[in-house]
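Participant: Before anything else, here's the structure in question.
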Amino acid sequence: SSISQVVHSAGRRFIVSPVPESRLQEK
Amino acid sequence: AEDTGVRVELAEEDDCKKSSIALKLWVEDPKKLKGKYKDNGAIEFSYDLEKEVPEDVAQEMVESGFFHESDTKTVAKSIRDRVALIKWRRERNWSVKG
């Protein structure tokens, strides 16, 4: 699937994934 | 909390023990952002409740290309509001337990 990872120079890791549809419908 | 258009949630259940927690952030309303926003999806990251400040994380997101610089404050505020709620819940939990 479309999960990607970005590591900032300070060391923090950001994992990017699609927003779950259930979350989008919450509002 | 104010609706910033940026939503921050826990990415895992809070065990109320670890100072470092996993958070997930995504944009619900791109119109509320000042800069151009490319839909990246949800961004998961770890955050240390005792050592870190939301502004630093927001800045790192900007530097990583997720957000425009003009939205640093908006992202930071969204993180700060969620972190405050998590801390409040933990304190309440502790006081209930005695």
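If you're matching them up, the sequences are chains A and B in order. Each number in our numbering corresponds to the 1-based position in the first sequence with 532 added. Number 61 in our numbering belongs to position 71 of the second sequence; there are no gaps in the numbering. We put the CB at the ideal spot given by N, CA and C, even for glycine.
Please confirm whether any heavy atom of the ligand HEM lies closer than 7 angstroms to the CB of B/D71.
Facilitator: Annotation note on the ligand HEM: not contained in the displayed structure, which lists no ligands.
Participant: At which residues does the beta strand (DSSP E) containing B/S85 begin and terminate?
Facilitator: The sequence position of residue 85 of chain B within the second sequence is 95, counting from 1. That residue, B/S85, is in no beta strand (DSSP E); its alpha helix (DSSP H) goes 62 to 87.
Participant: Tell me B/L0's beta-bridge partners as DSSP assigns them.
Facilitator: For this step, residue 0 of chain B is matched to residue 10 along the second sequence. According to DSSP, B/L0 bridges with B/L13.
Participant: Alpha carbon to alpha carbon, how far is B/D71 from B/W78? Give it in angstroms, no decimals.
Facilitator: The residue you call residue 78 of chain B lines up with position 88 of the second sequence. The residue you call residue 71 of chain B lines up with position 81 of the second sequence. Their Cα atoms are separated by approximately 11 angstroms.
Participant: Note down, in chain order, each residue of its chain lying with its Cβ closer than 6 angstroms to the Cβ of A/V539, except the 5 sequence neighbours on either side.
Facilitator: Position 7 of the first sequence, counted from the first residue, corresponds to residue 539 of chain A. R545, listed in sequence order.
Participant: Out of curiosity, what's the CA-to-CA distance linking B/A74 and B/K26?
Facilitator: Translated into positions along the second sequence, residue 74 of chain B becomes position 84. Translated into positions along the second sequence, residue 26 of chain B becomes position 36. If I take the Cα positions, the gap works out to 28 angstroms.
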